[in-house]
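Peer 1: Just so we're aligned, residue -18 is where the sequence shown starts under the numbering used here, counting upward by one.
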Amino acid sequence: METPMEAAESVADVAGPDAAGPDVSGGPAGAAGPTGGAATADLADPGFWRLPAPARAAAFAELRRRPGPVFFGDRATGQGFHALVRHADVVEASRTPAVFLSGPGVTTPAPARWVRLLFGDSMVNLDDPRHAQLRRIVSRAFTPRLLGRVEEDVRRISAALVDRVERDRPEDFVAAVAAELPFQVICTMMGIPERPRRAILDLVNRTSADIGVARSLRHRLRSPGRGLRALARMQVIVAGIGRERRRRPAEDLISALVTADVDGRRLTGRELGAFFTLLLVAGVETTRNALAHGLHLLTVHPEQRALLLADLNGRLDGAVDEMVRHTAPIIQFHRTVAVDHELGGPGGPLLRAGEKVALFYGSANRDEAVFPDPEAFDITRTPNPHLGYGGGGPHYCLGAHLARQEMTALFRELFTRLPEARSVGEPELVPSSFDHRVRALRFTF
Ligand code: HEM
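1) Enumerate in chain order the residues of its own chain whose CB-to-CB distance from Pro151 is below 6 Å, with the five nearest sequence positions on each side excluded.
2) Given 7 Å as the limit, tell me if Arg116 has its C-beta closer than that to any heavy atom belonging to ligand 1.
3) Taking the alpha-carbon positions, what's the Glu387 to Arg269 distance?
4) Should Thr258 go down as buried or exposed, given a rule of 16 or more other Cβ atoms within 10 Å for buried?
5) Give the straight-line distance between the Cα atoms of Leu288 and Arg393, rounded to the nearest whole angstrom.
6) Please state the DSSP three-state secondary structure of Gly28.
7) Do Phe164 and Leu422 come within 8 Å of each other at the CB atom, strictly closer than that value?
8) Count the other CB atoms within 10 Å of the CB of Pro353; is the residue buried (16 or more) or exposed (fewer)?
9) Nearest to Glu437 by CA position, among Tyr370, Phe396 and Glu356, is which residue?
10) When DSSP builds the beta bridges, which residues end up paired with Phe53?
11) Among Gly28, Tyr370, Val411 and Glu266, which residue has its Cα nearest to the Cα of Asp302?
12) Would Gly54 be called buried (16 or more neighbouring beta carbons within 10 Å of its own) or exposed?
13) For the putative contact between Gly343 and Ala309, defined by C-beta atoms under 8 Å, what is the C-beta separation to the nearest angstrom?
14) With DSSP as the reference, identify every bridge partner of His322, one or two as the case may be.
15) Below 8 Å on the Cβ atoms is my guess for Ala337 versus His315; work out the distance and round it to an integer in Å.
16) To the nearest angstrom, report how far apart Gly380 and Ser120 are at their CA atoms.
17) Which of the three DSSP states is assigned to Ser413 in this structure?
18) From the DSSP output, in three-state form, read off Arg47 for me.
19) Apart from the five residues on each side of it in sequence, which residues of its chain come closer than 6 Å, Cβ to Cβ, to Ser404?
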């Protein structure tokens, strides 16, 4: 189990003082890798993630034009990764789980063994058969029937948030709306009583405080301990609720997870804590960033905003999908190559067993081979086969449907009641190699 903070530091940590720059000399051995000339960017350098978005986009566009994936870091020590930047490559790695393993950890550095033992394994870091077994149990939370029930809650929570915006006129869209909605939805789904919710949100915020590569070294060294303590306390709260529901089941997800008996299995207290943490990490921060970037995108593209407001019901689904394509809330996850593999088929670039690959979802979403005019924000884009929720395969985002429900409900409520709602100024971004995080976004209506 890994804290969001640690996950967010993935590339920052790959690029320690020993890490070499990008190895562009030969690419994967015996394959058509990049040849000659230095790469324009070093994805393993924390400084890269502080560059303005257009500079990073240009670097990825340049990487996509190369004949094979570039390796960043130090291949000799096994530190580093092949950057998969094309749509087809990210799809292949996602859908070939026997070759591209998640078990060694999808973030870098991989979670320590003792962390896994203490907190339980998160399903993102598991392979079959354990992944399939866990996913079968927790998928019960995401059946169309259950999500149908949740839809009403999502609408109610969205309406209450917009009520509060009208009444209190908060300045920051992230704190007032974007972070609140997914957090309240997950707590409601899980049946977390109102009372501990504030404490849990505080813990989540503490866990992910000062996220990204901007933190000082001293801070980085200190924070993991704090983050883990916060995580441990959060899991104790959730495990306690689990014990309570096992004795007195209610109509909620925790009750279903701790009492039902699929494959003769139900979740233990520790697995329940790990799952709840995963939902918070995977479901709150991603949706929050998508909502904030979404409002800003509509503000800086007034013609798209006018198009949307002219037919909110007809165009909102497409707009929400385009927000996720354009934003790519999660930048990348890693896989570890299980056996030597030629990417794209026989004769393709050779990836060697034991090496890491990084699946750059945002770059895949701008792949010129799949998306015409990929830098444009176009809410009418059809088809829109973006990889914001992953490239398919067994780990495909469990909450994709829920995330769409939340974004659609919130923007419908917001623009129906406050059609002038828009961001003010630039979002306050947090440099990170893991997610496109917005710390704050001022807004008005
Ligand atoms: C806009 C919002 C979201 C984005 C962009 C997003 C993106 C992703 C991505 C890229 C993955 C990895 C897919 C892969 O490795 O193939 C993932 C996995 C996951 N997501 Fe999401 N997600 C979002 C919202 C949510 C929500 C709302 C939930 C739940 C409440 C959620 C739960 C999960 C879980 C449990 C996994 C791991 C699945 C597994 O390993 O089997 N996500 N998500």
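Ideal placement from N, C-alpha and C gives every residue a C-beta, glycine not left out. Remember, predicted model here, so these are calculated numbers, not experimental data.
Peer 2: Taking the definition as stated:
1) Ala157
2) yes
3) 10 Å
4) buried
5) 14 Å
6) helix
7) no
8) exposed
9) No statement about residue 437 is possible, as the shown extent of the chain runs from -18 to 426 and does not include it.
10) Phe62
11) Tyr370
12) buried
13) 3 Å
14) Leu332
15) The question names Ala, yet the displayed sequence has Lys at residue 337. Lys337 to His315, Cβ: 5 Å. Contact.
16) 10 Å
17) coil
18) coil
19) Leu276, His277, Thr280, Leu422 and Phe424
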